[in-house]
Amino acid sequence: MLYFTEHMKRIIELAEKSLVHAQAGKFKPAADDVIKISFHCNVAMQQLDDMSLMSYQGKDPAERLEGGP
Numbered sequence: 001m002l003y004f005t006e007h008m009k010r011i012i013e014l015a016e017k018s019l020v021h022a023q024a025g026k027f028k029p030a031a032d033d034v035i036k037i038s039f040h041c042n043v044a045m046q047q048l049d050d051m052s053l054m055s056y057q058g059k060d061p062a063e064r065l066e067g068g069p
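Counting in UniProt numbering, the sequence shown runs without a single skipped number right up to 69 at its last residue.
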């Protein structure tokens, strides 16, 4: 399982990779990267929702952020 921070790092890496692919005229790989970005965004959003709920319930959401306590 990837944690929120890892998803965000992966999104940044894929965005950079997609830009390089698009600038090189490699549109299929660029599109594949964007699909992967979408997946990581969806999972990260769900994790944010989970952390928000945990915080509301008085729990420490840090474990969902980076695998903390």
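We put the CB at the ideal spot given by N, CA and C, even for glycine.
Quick check on DSSP: helix, strand or coil for residue i?
i     : result
Gln57 : coil
Ile19 : Per the sequence presented here, residue 19 reads as Leu, with Ile not at that position. Helix at Leu19.
Lys26 : coil
Leu2  : coil
Evaluate residue i with the Cβ neighbour count: other Cβ atoms within 10 Å of its Cβ, from every protein chain shown; 16 or more gives buried, anything less gives exposed.
i     : result
Ala44 : buried
Ser55 : exposed
Ser18 : buried
Leu14 : buried
Val33 : The residue asked about is misnamed: residue 33 is Asp in this sequence, not Val. Flag for Asp33 reads buried.
Phe4  : buried
Kindly list the residues whose CB is nearer than 6 Å to the CB of residue i, restricted to its own chain and excluding five residues on each side of it in sequence; keep chain order.
i     : result
Ile35 : none
His21 : Pro29 and Ala30
Just confirm the distance between the C-beta atoms of residue i and residue j, as a whole number of angstroms; I'd bet it's less than 8 Å.
i     : j     : result
Cys41 : Ile11 : 6 Å
Go through its chain and collect everything with a Cβ distance to residue i's Cβ below 7 Å, but skip five positions before and after it.
i    : result
Lys9 : none
What does a CB cutoff of less than 8 Å around residue i pick up in its chain, not counting 5 residues either side in sequence?
i     : result
Leu53 : none
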